[in-house]
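Shown next, in structure tokens, is the structure this report addresses.
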Amino acid sequence: MISIQLLLLIVLGLVAIWFGWRVFMTSSMVRSALSLMASMIAIGGLFLVMEAEFLGVLQIMMMGTEMSIMAIFMMMYMMDPGGLGEMDMSHQKNLSITGAVIISLLIGGATLIIDWGPIAVNIPGPHEQNRLLGLEILERSMMIFETAGFTILTGMIAAIAVALSVKNKRN
Amino acid sequence: MELLLTALAIGLVLFGIGLYGALSQTNLVMIMMGIELMLGAAMINLVAFWRYLHPESFSIQMFVLVAMTVMALEGAVGFAIATQRFRTSGTVEMEESADLKG
Amino acid sequence: MIIGILITLFFLAGIYFVAVLERWSLSGTMQWSSPVRSLLRLFIQEEIKPRKHDSIFFEAAPVFFIAVILLTISILPFGEGLVLIDLGTGALFINAALVYVMVCLLMAGWSVNGVYGMIGGWRALAQLIAYSMTVVMVLTATVMRAESMFLPDIIESQQSLWNILYQPIGFILFYLSAMAIAFLPPFDLPTAESELAGGVWADFTGIRKLLFRLGRLALILTLSVAVVVLYMGGWLGPWLPGYVWIFLKTLLVAASFFAVGRFVPRIRQDHLLEYHWKFGIPLALFNIFLVGGLLII
């Protein structure tokens, strides 16, 4: 008996994997960035299927913006000829494939060995989830959340500092 | 059980693809894409653990929020490095960055 | 069921009305037959494909544009209990869907392999990222008042006082951001007629152009509904049934969009971004602070 949830998981998972694969298989930069976006949207869809509604919508919202920005940066630095020029942009292929396969096999083996225990059936509804997540953020994990905010501030300052053009004073 | 394993399998394959991309691409922005894919795979796993193992523990959802923060930050700092790299050497190819060795 | 059909007819009439208004904002005269004429013209227009266009994006962009807007429509309440998908995070989803308007414009601008289209697409990116920022911030303030992200709850929270009076700063910011997201004049930089000769849409003809223009009209109407739901009390109003109130307020908001656009000159791209990042976002944060203070008192 195959449930609707399982079916949706499989379909969206295949979509995510397919687009994730296309990211590295196309020679057009904008296509590559938008493939990554499609993959991320499919991941957001997976969150929605797994009933984490807030996270799913947040993921869909954030990735739309982030991957469009990625597309423009790809364009700026890559001289994309509109997906017309074929170019090979990879190195150490064998090493990467071997490494990825070995590590995947290790993780997969671990996944199968571990006894996951009973599966939860009942979960809170979306309204209740939003409330509980808010309480979690403002009570137990407040420090972590504030650290995340502070990290963003640090990251902003670091990004601006790195990207500033340095004038060479000796000249 | 098969639901959890399906979700974990999707995460696993995406992680593998991301790792392959991060290792094999020569371009800084493409390497970042690989890292983003790996983080996405990690988030799938976290949400699957929340949904199928511990739906009462919201620190897991909190952790996903932190992972999203990391994703955004990785984007910002990575693009800053790419910008600076492009300014100084005119390219973001990692093959040509041997001068960073010192 | 009957009410559903009625609302659909109302909003089709609304799209027609918006099309007439769009014409009015350019020419200054009300031409009631112009939407029909341009519809027929676009149907029989020759479909020109630019040389070496990116075929996937070229075909997909107009369809996605319509699909995104239909997604937004599906979560908005059009009357008491009349909502297609009652999402627990509806307020956030409005912004999540509108972000993809930007992605569609980017795809469209990129796909045509032309300079005007590409500049229009990148302009749309800069403009819509900036403005979706304020949208999500002022949405936070309305959600704070309702203590819920359900859109019907947000309407119910305005029973005593509409949000337009409770948080006027948020209303102004959301109103301007809505105009910028629908790239209406004076924010029509991605499709600027005089600078970019049509910008993003310059190389789209025939049915594809028709899809874009229909989608844009529906987008304007959708954003008007969002303004009404979030700030003007939705279905709250005396005598008439709720869905009629929403419809009337929506038309009022849509008409006011065009009235603003007709009499204000187009803003320069750098001014648009500068004013927004330097004044709009601090104001939005201040609005959150203010509403929080008012709620505690």
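Which chain is which? The protein sequence lines are A, B and C, in order.
To convert, note that position 6 of the first sequence is 6 in the numbering used here; the numbers rise steadily by one, no gaps.
To convert, note that position 100 of the second sequence is 1100 in the numbering used here; the numbers rise steadily by one, no gaps.
To convert, note that position 117 of the third sequence is 2117 in the numbering used here; the numbers rise steadily by one, no gaps.
Here a beta-carbon is modelled for each residue, glycine too, at the ideal position from N, C-alpha and C.
Applying a beta-carbon distance threshold of less than 9 Å, which residues of chain A neighbour C:I2129?
-> Here residue 2129 of chain C refers to the residue found at position 129 when the third sequence is read from its first residue. Chain A residues near C:I2129: T65, S68, I69.
Opposing strand residues paired with B:E1093 [DSSP bridges] = Walking along the second sequence from the start, residue 1093 of chain B turns up at place 93. Answer is B:N1027, bridged to B:E1093.
What's the gap between the Cα of A:L9 and the Cα of B:T1006?
-> Translated into positions along the first sequence, residue 9 of chain A becomes position 9. Translated into positions along the second sequence, residue 1006 of chain B becomes position 6. So the alpha carbons of these two residues sit roughly 7 Å apart.
At least one CB of chain A closer than 8 Å to the CB of B:S1097: is that the case?
-> The count along the second sequence starts at 1 and reaches residue 1097 of chain B at position 97. Not an interface residue.
Helix, strand or coil: how does DSSP classify C:A2182 here?
-> Taking the first residue of the third sequence as 1, we reach residue 2182 of chain C at position 182. Here C:A2182 sits in coil by DSSP.
Between the stretch 2167–2185 of chain C and the stretch 2006–2015 of chain C, do three or more beta carbon pairs fall short of 8 Å?
-> no
For B:L1012, return the contacting residues in chain A, with the cut-off set at a CB-CB distance below 9 Å.
-> Against the second sequence, residue 1012 of chain B aligns to sequence position 12. By Cβ distance, chain A contributes S104, I107, G108, T111.
Boundaries (first-last residue) of the alpha helix (DSSP H) holding C:N2287 | Position 287 of the third sequence, counting from 1, holds the residue named residue 2287 of chain C. Residues 2281–2296.
Rounded straight-line distance, which links the Cα of C:F2257 to that of C:P2265 | Taking the third sequence and counting its residues from 1, one reaches residue 2265 of chain C at position 265. Taking the third sequence and counting its residues from 1, one reaches residue 2257 of chain C at position 257. If you take the alpha carbons of C:P2265 and C:F2257, they lie about 14 Å apart.
Under three-state DSSP, which class holds B:W1050?
-> By 1-based counting over the second sequence, the position of residue 1050 of chain B is 50. Residue state, collapsed to three classes: helix.
Does the separation of the CB atoms of B:V1190 and B:L1046 fall below 8 Å?
-> The question about residue 1190 of chain B has no answer here: the residues shown for chain B are numbered 1001 through 1102.
Buried or exposed (CB count within 10 angstroms, at least 16 for buried), C:H1977 | Residue 1977 of chain C lies beyond the range of chain C shown here (2001 to 2297); nothing can be said about it.
Can the beta-carbon of C:A2146 be found less than 8 Å from the beta-carbon of C:S2111?
-> Along the third sequence, one-based indexing puts residue 2146 of chain C at 146. Along the third sequence, one-based indexing puts residue 2111 of chain C at 111. No, they are not a contact pair.
Can you name, in chain order, every residue of its own chain whose Cβ lies under 6 Å from the Cβ of C:F2174, other than the five neighbours on each side?
-> Taking the first residue of the third sequence as position 1, residue 2174 of chain C is located at position 174. Taken in chain order, the residues that qualify are V2138.
Closest Cα partner of B:E1033 within the set A:G20, A:I41, A:G44, A:I43 = Counting from one through the second sequence, the residue named residue 1033 of chain B turns up at place 33. First, the amino acid is wrong: residue 1033 of chain B is Met here, not Glu. Comparing Cα-Cα distances from B:M1033 to each of A:G20, A:I41, A:G44, A:I43, the minimum goes to A:G20.
C:F2017 vs C:D2086 beta-carbon contact at 8 Å = Walking along the third sequence from the start, residue 2017 of chain C turns up at place 17. Walking along the third sequence from the start, residue 2086 of chain C turns up at place 86. Going by C-beta atoms, C:F2017 is not nearer than 8 Å to C:D2086.
Specify whether the stretch 94–105 of chain A and the stretch 1006–1025 of chain B touch according to this definition: at least 3 beta carbon pairs, one from each stretch, less than 8 Å apart.
-> yes
Look at the alpha carbon of B:E1093 and the alpha carbon of C:F2057, and state the distance between them as a whole number of angstroms.
-> Taking the first residue of the second sequence as position 1, residue 1093 of chain B is located at position 93. Taking the first residue of the third sequence as position 1, residue 2057 of chain C is located at position 57. Those two C-alpha atoms are separated by around 27 Å.
Is A:S53 buried or exposed, if buried means 16 or more other CB atoms sit within 10 Å of its CB?
-> Translated into the one-based positions of the first sequence, residue 53 of chain A becomes position 53. In the sequence as presented, Ser is not what sits at residue 53 of chain A; that position holds Glu. Buried.
C:I2073 vs C:V2083 beta-carbon contact at 8 Å = For this step, residue 2073 of chain C is matched to residue 73 along the third sequence. For this step, residue 2083 of chain C is matched to residue 83 along the third sequence. Taking 8 Å as the Cβ cut-off, C:I2073 and C:V2083 do not qualify as a contacting pair.
DSSP on C:K2249, reduced to helix/strand/coil?
-> For the purposes of this step, residue 2249 of chain C is taken as residue 249 along the third sequence, with counting starting at 1. Residue state, collapsed to three classes: helix.
Count the C-beta pairs between the stretch 2108–2123 of chain C and the stretch 2245–2263 of chain C that are closer than 8 Å, then say yes if the count reaches three, no if not.
-> no
Around the C-beta of C:A2108, are 16 or more other C-beta atoms found within 10 angstroms, so that it is buried, or is it exposed?
-> Numbered from 1 along the third sequence, position 108 holds the residue referred to as residue 2108 of chain C. Counting Cβ neighbours within 10 Å, C:A2108 comes out buried, since at least 16 surround it.
Residues that A:I17 contacts on chain C, provided the C-beta gap is smaller than 8 Å = For the purposes of this step, residue 17 of chain A is identified with residue 17 of the first sequence, where counting begins at 1. Going along chain C, no residue has its Cβ under 8 Å from A:I17, so there is no contact; the nearest lies around 19 Å.
Out of curiosity, what's the CA-to-CA distance linking B:V1029 and C:G2081?
-> Walking along the second sequence from the start, residue 1029 of chain B turns up at place 29. Walking along the third sequence from the start, residue 2081 of chain C turns up at place 81. Using only the alpha carbons, I get a separation of about 47 Å.
In three-state DSSP terms, what is A:R140?
-> Locating residue 140 of chain A in the first sequence gives position 140, counting from the first residue. Coil at A:R140, not helix or strand.
Whole-angstrom C-beta distance between C:I2169 and C:N2287, which should lie under 8 Å | Looking up residue 2287 of chain C in the third sequence gives position 287. Looking up residue 2169 of chain C in the third sequence gives position 169. C:N2287 to C:I2169, Cβ: 4 Å. Contact.
Does DSSP classify C:K2278 as helix, strand or coil?
-> The sequence position of residue 2278 of chain C within the third sequence is 278, counting from 1. Helix.
Can you tell which of C:G2237, C:M2133, C:A2218, C:F2204 has the C-alpha that lies nearest to the C-alpha of C:L2176?
-> As a working note, residue 2176 of chain C is residue 176 in the third sequence. Of C:G2237, C:M2133, C:A2218, C:F2204, the residue nearest in Cα terms is C:M2133.
Helix, strand or coil at C:H2000 [DSSP, three-state] = The first residue shown for chain C is 2001 and the last is 2297, placing residue 2000 of chain C beyond what the model contains.
Enumerate in chain order the residues of its own chain whose CB-to-CB distance from C:D2054 is below 6 Å, with the five nearest sequence positions on each side excluded.
-> Residue numbering aside, residue 2054 of chain C sits at position 54 when the third sequence is read from its first letter. Once the five neighbours on either side are set aside, the close Cβ partners of C:D2054 are S2111.
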